[in-house]
Structure formats: C-alpha cells, structure tokens
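The block underneath contains the structure these notes are about, expressed in structure tokens.
There are 2 protein chains.
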Amino acid sequence: MTKIDIISDAALKNGIRQFLETAPDIYMAGVSVDTVIFGFHHDKLKVLLLRFGNTPYFVLPGGYIKKEEDLDDAALRILQERTELQNIYLEQFYTSGNISRSNEKVAVELAFKMIGTIPNSNWFGQRFVSVCYYALVDDTKVNPVTEAFFTEVKWFDINKLPRVLYDHDNIIQKALKRLQADLDEKLAAFNLLGETFTMLELQKLYESVYQKKLVRTNFQRKMLSLGVLERLEKQYNGKSHKAPYLYRFAQTV
Amino acid sequence: MTKIDIISDAALKNGIRQFLETAPDIYMAGVSVDTVIFGFHHDKLKVLLLRFGNTPYFVLPGGYIKKEEDLDDAALRILQERTELQNIYLEQFYTSGNISRSNEKVAVELAFKMIGTIPNSNWFGQRFVSVCYYALVDDTKVNPVTEAFFTEVKWFDINKLPRVLYDHDNIIQKALKRLQADLDEKLAAFNLLGETFTMLELQKLYESVYQKKLVRTNFQRKMLSLGVLERLEKQYNGKSHKAPYLYRFAQTV
DNA sequence: GCAAAAGTGTTCTCCATACACCCATGA
DNA sequence: TCATGGGTGTATGGAGAACACTTTTGC
C-alpha cells in the first residue's frame with residue numbers, strides 16, 4: 000500500500016480555514032454536487048479527477064450550491080470553474096444519499112490530517128446528499144484548473160481509474176451506464192469530439208463508451224443514416240491507404 | 000376560479016406547530032423527498048395525491064430525511080407511511096432544485112394562511128432540493144393514510160390531474176416519461192397488477208402508460224415471447240365470448 | 001346462428017448483421 | 001505491386017406491423 004504523504008503547507012491550511020469560515024453563509028448545508036466529466040483522447044474514454052491534497056487518492060470535481068442558485072446552475076458553475084469551458088453538455092443522472100458514503104474511513108482520516116482537528120460540527124463533518132451530473136467535453140478545449148484543496152487535475156482512462164474516495168467509484172460507473180443509454184438517444188457523442196472527425200474516430204468513441212467492438216462497415220452505414228453528418232473533404236494523413244473523409248456534426252434542429 | 004377555503008382548526012395548527020418544533024432536530028435541512036405513486040384501476044393509470052389542508056390544491060406525498068437515515072430508506076419510509084404497503088417497487092428518477100420551485104406564490108400564501116405568520120427562518124420557509132422517486136403499487140392493496148397537514152388522499156387519473164402546488168406537475172410528467180422508458184426494460188408493469196390478470200388487462204395497462212393504442216394480436220405475441228408469463232386456467236366471466244386465460248407473472252430470477 | 005372477444009397463423013417490411021468486393025494511397 | 005485501411009453492395013435472419021382466419025362463449 001502506498002504511503003500517504005500529507006502536505007503541511009501553511010497556505011493550503013489557510014485556504015481551507017477561510018473556506019470553512021465562509022461556507023455556511025454562502026452555500027446550502029447538506030447538499031453537494033458531483034460531476035463526472037467525460038473526455039475522449041487517443042481512442043480512449045477519459046474521466047477528469049482531482050488529486051486529494053497530496054495523497055494518492057482522487058475525487059470527482061464537485062462543489063456546493065449557493066443559497067440563491069438553481070441546482071443546474073450550480074453544476075454548470077462548478078464545471079466551468081474546473082474546465083473554463085462554456086456551453087457544456089450536462090445531464091443530471093443520480094442522487095447519492097447513503098449515510099455511509101460520507102463516513103468512509105480513509106476520507107475522514109485524510110481530512111483530519113490535512114487541516115488538523117476537525118470539530119464534529121464543522122462543514123466537512125456534516126452528512127451530504129450529492130446530486131450527480133455527467134458532462135461531455137471536447138478535451139482539447141479544456142483548461143484544467145486546480146484550487147486550494149486539490150493538487151492535481153488529471154484525465155484517467157475509464158478502465159484505469161486510480162483509487163477514488165467516498166462512493167465516487169460507484170458514481171462513475173453509474174454515469175457510464177447512463178451515458179451508454181443516452182448516446183444514441185440524444186446524439187450526445189458529438190460533444191466529445193472536435194469540430195471535424197473521421198468515421199474511424201467516431202467508431203472508436205462509440206466502442207469506448209459501449210466497451211465493445213463494433214463492425215466497421217455497418218457502423219458507417221448506421222451513422223450516415225442518422226442524417227446528421229455532413230461529409231467534408233478527404234483527410235490526407237500520409238498513411239499508405241485511402242484517405243478517409245472528414246465529417247462534421249450538422250444537426251438540423 | 001374556486002374560492003380558497005382555509006380551515007382554522009386548532010388541532011391542525013397544533014400539529015403543525017409541534018412538527019415545526021421538532022423537525023430541525025430530526026431531519027436534514029434543505030433536502031426533501033417527493034414520491035409519485037402510480038396505480039392502475041379501471042383501465043386507467045392513476046397517481047396518488049394529497050389535498051393540501053382544506054384547499055382545492057393537491058401535492059405529491061413527500062417528506063424529509065432523518066439525520067441518520069439512508070436516502071432510499073427515507074423514500075421507502077415515506078411511502079409506507081402513506082400506503083401501509085411493504086415491498087414497494089421504487090425508482091429514483093430526478094432531483095428538483097430550482098430556486099423558484101419553493102417560492103411559488105400560491106403555495107406560500109396558502110401556508111401563511113394555514114398556520115398564521117411564518118417567520119422567514121422557519122422550516123417551511125427554507126429552500127428545499129427535492130429528490131424524486133416513483134413507486135408502482137397494486138392499488139387494491141393500498142390503504143391511503145392521511146395526516147395532520149393533509150385532509151384527503153386521493154387517486155387521480157394521470158390525464159385528469161387537479162391543480163397541484165409547487166413544481167409537482169412537472170415532476171409527475173417526468174415520472175411518467177421515466178416509467179415509459181423503464182416499463183419494457185425492467186418488466187416493471189407487473190408491480191401495478193394483482194397476482195393474476197388477463198392479457199387484455201395487461202394491454203390496457205401498457206396503453207395507459209404509453210398513452211397510445213396497441214395492436215391486440217401483436218401485443219399478445221410480444222408479451223408471451225418475454226417468457227415471464229405463466230398461463231393459468233381460463234376466466235369465465237359470463238360474457239358472450241371466448242373466456243380469456245388468466246396469467247401470472249413468474250420471473251425466473 | 002350470431003355477435004363479440006380471444007387466440008393463432010401468414011405475409012411483408014425494415015433493420016441489424018455478416019461478409020464479399022472494389023478503391024485509394026504511399027512505400 | 002503490395003499491404004493497409006476506407007467505402008459500397010448484397011444476402012440473410014429476426015422482430016415488429018398489418019391483417020386474415022379460427023375458436024369460444026352466451027344469447
């Protein structure tokens with residue numbers, strides 16, 4: 000087991016102390032928001048996670064709901080703070096509210112070590128019900144932003160996740176299932192790609208979401224039959240084979 | 000417009016006052032649970048609603064989460080309190096958290112009149128994020144229970160809903176959509192029927208959920224092909240036509 | 001026998017699958 | 001010319017829709 004190495008940086012402690020002083024005035028108590036941010040890179044489906052302090056543990060990007068803020072707006076704000084993106088595709092998919100989710104030993108122990116003693120009545124000590132959203136982003140446009148509590152923002156392959164705290168692993172799996180269900184239904188896939196893409200890239204994306212191989216020729220026909228793809232010029236890439244067409248998502252709303 | 004007639008019953012006021020005194024010690028603040036209870040009766044899909052005080056307005060059965068209680072357990076408890084049923088089919092489907100949902104003029108006005116002045120800082124005055132569940136019940140086994148705040152418990156046809164408070168109408172419509180999606184997927188329909196039923200009853204149920212007519216012969220084949228129906232003896236009902244078979248849901252888990 | 005509803009069989013179409021085939025490209 | 005990947009055509013099978021047909025029941 001990896002040794003847990005806690006930073007003892009005064010600035011970090013001060014940041015946390017300041018948050019704890021102001022949080023109860025700004026945010027709703029007892030309710031939090033967690034977001035599963037999906038990206039697609041190198042033919043793999045990725046999830047954006049935050050390193051918890053200086054430990055080897057990661058958590059989902061999350062936050063709290065301002066007292067005069069709509070729930071969906073809070074999720075969007077939290078995402079924008081973490082990615083600096085506008086126009087994010089966002090779906091609420093689950094609310095997690097078991098007592099045990101907030102009590103996980105490791106997390107509590109780590110929190111204690113990070114900021115010293117935590118009075119039982121303070122912000123982090125309370126029980127939270129967490130409303131969970133998933134987001135689809137073009138990872139090339141994301142500018143990951145860290146903040147006081149977290150020392151690193153990192154993309155992880157959905158199949159090679161690190162150790163995560165709380166019930167966040169469960170939440171990530173639920174998000175994936177929901178994404179699978181939404182992918183065809185809501186034409187959500189194109190939010191994970193850039194402006195243009197080849198048919199093979201699109202296929203790899205579907206394969207990484209459904210976690211299974213698809214038949215190339217039939218996939219192509221199915222995508223074209225949706226009537227939402229615009230075929231652009233061919234993309235010559237120097238490879239010794241036929242150049243693939245580029246496509247653009249052109250939904251006629 | 001119907002005149003709003005408010006009861007000024009001392010017992011009701013006392014009940015509410017007592018609740019307000021103890022609630023903050025027992026329940027999480029800021030989070031509530033609302034349930035859409037579906038039943039099926041006389042070939043119609045029904046929803047169980049509570050009359051708000053002595054007004055013509057209705058609300059969804061709902062409640063709060065105890066400080067040491069799992070979210071799903073809270074939903075189950077609230078349902079059991081209202082229906083006296085065990086083993087209820089329950090699905091979480093949405094969490095509603097817009098600021099405006101708690102601020103609807105009519106609701107606030109009614110609450111004021113019911114219990115006199117409400118200090119802004121009290122329990123009902125706070126903002127709630129509501130986690131919503133839908134339940135499927137055999138309505139013949141339900142024993143609707145009223146309580147202090149509500150003067151009537153009543154089944155309503157999904158297409159003939161009364162005026163409901165807050166955003167509960169929106170929640171009901173979302174529940175129906177989710178039920179439609181789950182019906183085939185999770186074989187959920189049988190929770191709405193008694194032990195045995197005819198194919199026609201099952202078809203009427205599907206039609207009332209999907210809100211459209213289905214072709215009798217093809218529906219029969221589809222249901223039988225699921226492999227979860229056990230055919231019992233015929234049901235002679237005195238009508239001058241062939242007697243239908245009775246079926247039982249016999250899922251091999 | 002007749003009307004009404006229940007149950008079964010048949011055809012047709014659509015769509016997903018499987019796979020054969022040809023095309024374009026650079027080494 | 002060859003290997004590699006891209007694009008299109010075609011046969012097949014299964015599921016659902018449409019509808020014809022038979023069976024059962026009480027009057």
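From first to last, the protein sequence lines stand for chains L and W.
Okay, so the first sequence: first residue is 0 according to numbering that gives the first Met the number 0, each after it adds one.
Okay, so the second sequence: first residue is 0 according to numbering that gives the first Met the number 0, each after it adds one.
We put the CB at the ideal spot given by N, CA and C, even for glycine.
Query: Taking the beta carbon of L:Gln256 as the centre, do at least 16 other beta carbons fall within 10 Å, making it buried, or is it exposed?; Result: Not covered by the structure: residue 256 of chain L. The range shown for chain L is 0 to 252.
Query: Going along chain L, which residues have a C-beta under 7 Å from W:Gln79?; Result: Correct list: empty, because the minimum Cβ distance to chain L is about 18 Å.
Query: Between W:Thr94 and chain L, is the shortest Cβ-Cβ distance under 7 Å, so that the two count as touching?; Result: yes
Query: Relative to chain W, which residues along the region 146-172 of chain L have a C-beta separation below 8 Å, given in chain order?; Result: none
Query: Below 7 Å between beta carbons: does that hold for L:Val32 and L:Thr82?; Result: no
Query: In terms of alpha-carbon separation, which member of L:Leu201, L:Ala187, L:Lys45 and L:Gly62 lies closest to L:Ser129?; Result: L:Gly62
Query: Given that a residue counts as buried once 16 or more other Cβ atoms are within 10 Å of its Cβ, and exposed if not, what is W:Leu231?; Result: exposed
Query: Out of L:Lys211, L:Ala242 and L:Thr197, which one is the CA nearest neighbour of L:Phe248?; Result: L:Thr197
Query: So what does W:Gln91 bridge to, in DSSP terms?; Result: W:Tyr132
Query: Considering only their Cβ atoms, is the gap separating L:Ala134 from L:Leu178 smaller than 7 Å?; Result: no
Query: Within the continuous beta strand (DSSP E) that includes L:Ala40, where are the two ends?; Result: Checking the sequence shown, residue 40 of chain L turns out to be His, not Ala. Looking at the DSSP string, the run of the beta strand (DSSP E) that includes L:His40 is Tyr26 to His40.
Query: Using a Cβ cut-off of 8 Å, pull out every chain L residue sitting near W:Asn217, in sequence order please.; Result: Chain L residues near W:Asn217: none, gap ~24 Å exceeds 8 Å.
Query: What is the DSSP secondary structure of W:Leu192, counted as helix, strand or coil?; Result: coil
Query: Within 7 Å of any Cβ in chain L, is that where the Cβ of W:Val130 sits?; Result: yes
Query: Answer yes or no: do W:Phe155 and W:Leu49 have a C-beta to C-beta separation smaller than 7 Å?; Result: no
Query: Under the three-state reduction of DSSP, which class applies to L:Phe127: helix, strand or coil?; Result: coil
Query: Any chance the region 225-242 of chain W sits against the region 204-214 of chain W, with 3 or more Cβ pairs inside 8 Å?; Result: no
Query: With distances taken Cα to Cα, identify the nearest neighbour of L:Asn190 among L:Ala180, L:Lys153 and L:Asp138.; Result: L:Asp138
Query: Give me the residue from L:Tyr244, L:Gly52 and L:Gly38 with the minimum Cα distance to L:Pro143.; Result: L:Gly38
Query: Please report the straight-line C-alpha distance between W:Phe57 and L:Asp72, rounded to a whole angstrom.; Result: 29 Å
Query: Starting from the beta carbon of W:Arg126, find every residue of chain L whose beta carbon is closer than 8 Å, and list them in chain order.; Result: Met27 and Lys66
Query: Just the Cα atoms here: how many angstroms apart are W:Lys45 and W:Lys159?; Result: 9 Å
Query: Could you check which residue in W:Tyr246, W:Gly96, W:Glu151 and W:Leu75 has the C-alpha nearest to that of L:Glu68?; Result: W:Gly96
Query: When we look at the beta-carbon of W:His40 and count the other beta-carbons within 10 Å, is it buried (16 or more) or exposed?; Result: exposed
Query: Per DSSP, which one or two residues make a beta bridge with L:Arg177?; Result: L:Arg177 is not bridged to any residue.
Query: Under 7 Å, do W:Gln91 and W:Tyr132 count as touching if we go by C-beta distance?; Result: yes
Query: For chain W, is any of its Cβ atoms less than 7 Å away from the one on L:Val32?; Result: no
Query: Could you name the residues of the same chain whose beta carbon sits closer than 8 Å to that of W:Val30, not counting the 5 residues immediately before and after it, in chain order?; Result: Tyr63, Ile64, Phe127, Val128, Ser129 and Val130
Query: Of all the options W:Pro23, W:Thr21, W:Leu59 and W:Thr34, which has the alpha carbon lying nearest to the alpha carbon of W:Leu164?; Result: W:Leu59
Query: Hey, could you find the ends of the alpha helix (DSSP H) W:Ser208 is sitting in?; Result: It is worth fixing the name first, because residue 208 of chain W is Val in this sequence and not Ser. Unbroken alpha helix (DSSP H) run through W:Val208: Met198 to Tyr209.
Query: Could you tell me the boundaries of the alpha helix (DSSP H) in which L:Asp71 lies?; Result: Leu70 to Thr82
Query: Flag L:Ile98 as yes if its beta-carbon sits less than 7 Å from any beta-carbon of chain W, otherwise no.; Result: yes
Query: If you drop the 5 nearest sequence neighbours on each side, which residues of the same chain put their C-beta closer than 8 Å to that of W:Lys66?; Result: Ile25, Tyr26 and Met27
Query: Would W:Val227 and W:Gln202 be called neighbours here (beta carbons separated by less than 7 Å)?; Result: no
Query: Buried or exposed for W:His240, going by 16 or more other Cβ atoms inside 10 Å?; Result: exposed
Query: Going by the beta-carbon positions, is the gap between W:Ala188 and W:Asp181 smaller than 7 Å?; Result: no
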